[in-house]
Structures are given as structure tokens and as C-alpha cells.
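A.B. asks: The structure is given below, and queries will be raised subsequently.
Protein chains: 2
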Amino acid sequence: MKKQSIDHAQLLVLSLLAGEDMYGYQIIVELARRSDHTFEMKEGTLYPVLHGLERAGAVEAYQQEAPTGRMRKYYHITRKGTELLKTEEESWRSYSGAVNAVLRSSIGGLTLA
Amino acid sequence: MKKQSIDHAQLLVLSLLAGEDMYGYQIIVELARRSDHTFEMKEGTLYPVLHGLERAGAVEAYQQEAPTGRMRKYYHITRKGTELLKTEEESWRSYSGAVNAVLRSSIGGLTLA
DNA sequence: TAGTTTACCTAGACATTCTAGGTATGTCAA
DNA sequence: TTGACATACCTAGAATGTCTAGGTAAACTA
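These protein sequences, in sequence, are chains A and B. Reading the first sequence from the start, the letters are residues -18 to 94 in the working numbering. Reading the second sequence from the start, the letters are residues -18 to 94 in the working numbering.
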């Protein structure tokens, strides 16, 4: 049966990583920026998602020193992750399309008055 | 802080009821039909949602006999429910717009090749 | 040097949806 | 007429996804 809900955190993270390698903190900041602060993903949400994606082979992690001297843990999307992203994007399109279809179908009862 | 996810069952149910009064089973069937079977809401999801909406004063229930002689429990959306629907629709638009914005922003890394 | 930001992490709580069951009536085919 | 299927309502408990609320530590900044 079709999935009824979207694992939206996973979709968004994969989508960002498809653009460029990022580290956790950066993902949170970028997500807020690109969504005009609609998404303010919590660390308690993000890190488990990243670790899950890593376990699933969708991303790979590597350490890299920041200009500041601190170590950062960057994530790189794999081919497997790109496939996963494609199917999740498709799920999202189908899901959001269906919601919009239902909303449109009820407009008659709303404010045609 | 803004809600990070949509209570999609509630939004969809309210949206249907904004069009016309419906009974539970009908909501499930209509939802499947109007979403081209993307949504196949389970009874275990629907009934708790309906009861919650009733407790919240967003819908009112009444019994009515079907042509078959069976009793059906119809739900009617209240003014309060219509307000709720408006805010949830707005949440949905903002949420789906944000997802699309993030997806678009990463296209560069995807398949421009 | 104290506070804020950066940067990583986890356990447990909470919310939403599903699974899997229950009850009962109506319809239709074998 | 009986057995299967659709209709129609319901709930308890499991599973899933996200958040709260903590911990650790380095770097910047006032």
C-alpha cells in the first residue's frame, strides 16, 4: 500500500545534500534559510536522520577541518541516496498533489457565497 | 514556533466536511476517490480524528437513517471548524511551499548533467 | 572571563498513524 | 439459506517520526 505520510526530514536532508556536501549544523541553518524559516529542524530530529541515512548507505560521512580549526562531520550523498531522493521526491509530488486535489474538490462548500 | 508538520488527516477530513455533511465510512471512500487512491485512510485513523474534532467543537454529529434502514452517524462542520480549516489550509500552503522551495533550490546538484 | 555561537550527540516524551482486532447489519451469489 | 462480502461503527496497543531537554566541548566576542 502507498505510504500515507512523508518522512519529510529525510526528504529535505537528502535534497540539500544533493546540492553539495554539508555538515549537520549547516543543514539546519541552510534549511531555515531556503524555507524562509518555515523549517527550523531540531538537532534531535536531524542527527538521528543522518545516522539512519548513513546506516542505509544513502550518505557517507567524513571529517574535515574548518578554517576555524574545528572538526566538522560532512555528509556526502551516494548513488543509493540519489535513487532514494528520486523516489521520495516522487512520493512528495504525488502526496501534495493529492492533498491539493482534495482541497480543491471542496471549495464549492467553502466561500463561494 | 511554527508547526513543523501537518496533521494531514484532520485537514483532509475538515476539507471534505466543508463541502457537505458526511458519515465516517463515506469520508474514507470519498477521500480515496478524490485523491485518485493516494489516500486510503484507515478507520483506526479516521474515527479518533472525528471524535477529536467533535470534542474540539469543530464538528457536530447526528444520526440519520440510510435508505437501507441502517443508522449512519453524520458529521457537520461548525463555524469553529471552518475557522480551523482556514488556518490549516494556510499551514499546508506554507508547508508545501517551503518543501517545494527547498527541492527547487537543490536542483542544480541533481540532473543538470 | 562570561556569554553566545558553533558543533556534535542521545534518551525519553509526545503526537500521529497503522495494525489488528471487535461488533453488527445488509446484500448477493451459490 | 447460508456463507461471503460490503457497509458501518469502534478501540487498544504498536510503530513511526519529531521534539524536548539534556550533555559535551571548542571558538568567538564583549
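Just so it is clear, CB atoms sit at the ideal spot from N, CA and C, and this is done for glycine as well.
#1: From A:Gln7 to B:Ser75, what does the alpha carbon distance come to, in whole angstroms?
#2: Determine, using beta carbons only, whether B:Tyr55 comes closer than 8 Å to chain A.
#3: In its own chain, which residues sit with a C-beta less than 7 Å from the C-beta of A:Leu12, not counting the 5 before and 5 after it?
#4: Exposed or buried, B:Arg85, counting other C-beta atoms within 10 Å across all chains shown (16 or more means buried)?
#5: Would you mind telling me which residues of chain B sit closer than 9 Å to A:Ala42, beta carbon to beta carbon, in chain order?
#6: Output, in chain order, the set of chain A residues within a Cβ distance shorter than 7 Å of B:Arg15.
#7: Drop a sphere of 10 angstroms on the beta-carbon of A:Tyr28, count the other beta-carbons inside from all chains shown, and report buried for 16 or more, exposed for fewer.
#8: With a Cβ-Cβ cutoff of 8 Å, do B:His18 and B:Glu41 count as a contact?
#9: What's the C-alpha gap between A:His32 and A:Glu70?
#10: Which residues in the same chain have their Cβ closer than 6 Å to the Cβ of B:Tyr43, if we skip the five residues on either side of it in sequence?
#11: What residues of chain B sit near A:Thr68, judged by a beta carbon separation below 7 Å?
C.D. replies: In brief:
#1: Looking at the backbone, the Cα of A:Gln7 and that of B:Ser75 are separated by about 23 Å.
#2: No, because no Cβ of chain A sits closer than 8 Å to the Cβ of B:Tyr55.
#3: Result list for A:Leu12: Leu(-7), Leu(-3), Phe20, Met22, in chain order.
#4: Exposed: under 16 other Cβ atoms inside 10 Å.
#5: Listed along the chain, the chain B residues whose CB falls inside 9 Å of the CB of A:Ala42 amount to none; the nearest CB is some 18 Å away.
#6: Ordered by position in chain A, the residues that pass the 7 Å Cβ test against B:Arg15 are Ala82, Val83, Ser86.
#7: The residue is exposed, with fewer than 16 neighbouring Cβ atoms inside 10 Å.
#8: For B:His18 and B:Glu41, no; Cβs fall outside 8 Å.
#9: Rounded to the nearest whole angstrom, the CA to CA distance from A:His32 to A:Glu70 is 20 Å.
#10: Hits under 6 Å: Tyr55.
#11: Ordered by position in chain B, no residue passes the 7 Å Cβ test against A:Thr68, which lies about 14 Å from the chain.
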